[in-house]
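Structure first, then comments.
Numbering (the numbering used here), first residue to last: 19 to 371.
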């Protein structure tokens with residue numbers, strides 16, 4: 019089995035950060051979302067992976083290389099502009115050949131992995147197997163209607179009057195039968211080739227299509243609130259590990275990770291927190307569910323429930339909560355303000371008192 023990971027989206031909901039980096043490289047618990055995805059694919063026993071890339075191809079390629087660091091082999095497939103998920107399958111046909119494959123959206127987090135579902139697919143080998151999860155508002159998702167035995171009857175994209183609450187989570191297992199479905203469909207009203215239409219073509223043609231309900235944690239990381247929620251979830255499961263330096267004037271409580279070369283000086287850190295290699299924390303109070311990247315410098319600051327990317331600087335700022343601070347950004351000069359900030363890469367913010 020091969021894999022097709024889709025990483026070509028623009029990430030408009032993460033601006034201004036996504037002006038200077040692809041949304042799939044934004045870190046959760048100090049690891050890019052796309053790395054979490056590739057590890058999930060690898061742990062499902064798939065190591066030959068095609069990655070659909072768009073305008074951020076160079077940055078993604080620089081971050082991931084040939085995949086050997088993660089134990090996989092990556093082939094980059096360039097899509098000049100978004101034309102739908104089914105178009106990604108069409109584009110990848112030379113790479114996929116006649117192999118079965120798993121298609122995985124590159125901004126979806128499923129921390130518990132998909133290995134069990136991959137094994138189900140290998141055992142039963144339906145023409146297609148989709149993963150679904152119950153949602154509160156089916157009108158916002160692609161919805162699957164299925165029989166009690168898991169057989170799919172119908173797929174509907176964002177139905178106005180839903181007849182079910184099982185949403186597609188962004189992971190699909192396919193045999194080569196899907197290529198006939200992709201060839202048979204035409205663009206939707208929004209001008210894209212929809213994978214739901216291709217799967218529905220299989221259903222209508224009498225092919226076996228099954229839906230498996232994913233019972234783990236699932237998030238689409240397209241918004242800041244979702245990134246922070248994922249960050250909280252992953253940090254809650256980490257063990258304490260202190261490899262850096264912590265002076266006697268500092269206090270660490272709970273599951274705190276201090277990576278090698280990081281220094282904690284006269285600060286209080288309440289876990290779960292991860293502090294990246296080479297980062298300096300001095301005279302600070304770092305609250306729960308905070309991930310601070312490599313090479314950052316925080317002085318006289320209070321930060322909680324936030325993601326701080328590599329090489330950022332925060333000085334004399336109180337009340338940072340629910341924030342996303344970009345790479346090499348500088349935030350300073352505020353004794354009592356700064357909640358819910360989203361700061362782009364290489365941006366300087368001086369907050370008023």
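Glycine included, every Cβ here is placed at the ideal spot set by N, Cα and C.
Within its own chain, the residues whose Cβ lies closer than 8 angstroms to the Cβ of residue 136, once the five positions on either side in sequence are excluded, are 19, 62, 63, 64, 120 and 191, listed in chain order.
The segment 97–111 and the segment 127–146 do not touch, with fewer than three beta-carbon pairs separated by less than 8 angstroms. For residue 189, the enclosing beta strand (DSSP E) begins and ends at 184–192. For the pair residue 101 and residue 362, the Cα-to-Cα distance works out to about 28 angstroms.
Using a Cβ distance threshold of 7 angstroms, residue 204 and residue 173 do not count as a contacting pair.
Residue 274 is a Cβ neighbour of residue 291, given a cutoff of 7 angstroms. Residue 137 carries a helical assignment under DSSP once its states are collapsed to helix, strand and coil. The C-beta distance from residue 170 to residue 221 rounds to 6 angstroms, short enough to fall under 8 angstroms.
Under a 10 Å Cβ-count criterion, residue 193 is classified as buried, with 16 or more other Cβ atoms of the shown protein chains found around its own Cβ. Across the structure, residue 196 and residue 366 are spaced so that their CA atoms are roughly 48 angstroms apart. Under the criterion of beta carbons closer than 8 angstroms, residue 283 and residue 260 do not qualify as touching, at roughly 14 angstroms. Within the same chain, Cβ atoms closer than 6 angstroms to the Cβ of residue 202 are found at 219, the five residues on either side in sequence being excluded. Restricting attention to 246, 142, 73 and 123, the CA atom closest to the CA of residue 53 is found in 123. The segment 40–51 makes contact with the segment 64–83: 3 or more CB pairs, one atom from each, lie closer than 8 angstroms. Short of 6 angstroms from the beta carbon of residue 69, and not among the five residues preceding or following it, lie these beta carbons of its own chain, in chain order: 23, 25, 92 and 94. In this structure, DSSP gives residue 128 a state outside helix and strand, which the three-state scheme calls coil. Boundaries of the beta strand (DSSP E) harbouring residue 160: 160–164, taken from the DSSP string. The C-beta of residue 216 has 16 or more other C-beta atoms within 10 Å across all chains shown, which makes the residue buried. A distance of 7 angstroms or more separates the beta carbons of residue 225 and residue 150.
Judged by DSSP secondary structure, residue 52 falls outside any beta strand (DSSP E) and instead within the alpha helix (DSSP H) spanning 51–61.
DSSP places residue 147 outside any alpha helix (DSSP H); the residue lies instead in the beta strand (DSSP E), whose first and last residues are 146–152. In this structure, the straight-line span from the alpha carbon of residue 187 to that of residue 301 is close to 43 angstroms.
For residue 254, the secondary structure class from DSSP, reduced to helix, strand or coil, is helix. Between the alpha carbons of residue 159 and residue 178 lies a gap of roughly 10 angstroms. Burial of residue 307 is indicated by the presence of at least 16 other C-beta atoms within 10 angstroms of its C-beta.
Burial check for residue 266: the Cβ neighbour count within 10 Å stays below 16, so the residue is exposed. Bounds of any beta strand (DSSP E) do not take in residue 365, whose DSSP letter is neither H nor E. The beta carbons of residue 175 and residue 210 sit about 10 angstroms from each other, so the pair does not count as a contact at 8 angstroms. Counted as a single uninterrupted DSSP element, the beta strand (DSSP E) harbouring residue 334 occupies residues 331–335.
By the CB criterion at 7 angstroms, residue 346 and residue 333 fall outside the cutoff.
Note on geometry: alpha-carbon atoms of residue 318 and residue 288 lie some 16 angstroms from one another.
In terms of CA proximity to residue 57, 87 leads the group 75, 87, 74 and 73. Sixteen is the threshold: since fewer than 16 other Cβ atoms of the shown chains lie within 10 Å of the Cβ of residue 89, the residue is exposed.
A Cβ-Cβ distance of about 6 angstroms is found for the pair residue 321 and residue 304, placing them in contact under the 8 angstroms criterion.
By the criterion of a C-beta distance shorter than 7 angstroms, residue 199 is surrounded in its chain by 216, 217, 219 and 220, once the five residues flanking it on both sides are discounted. Non-local C-beta neighbours of residue 252 in its own chain, meaning closer than 7 angstroms and more than five positions away in sequence, comprise 46, 47 and 129, ordered along the chain.
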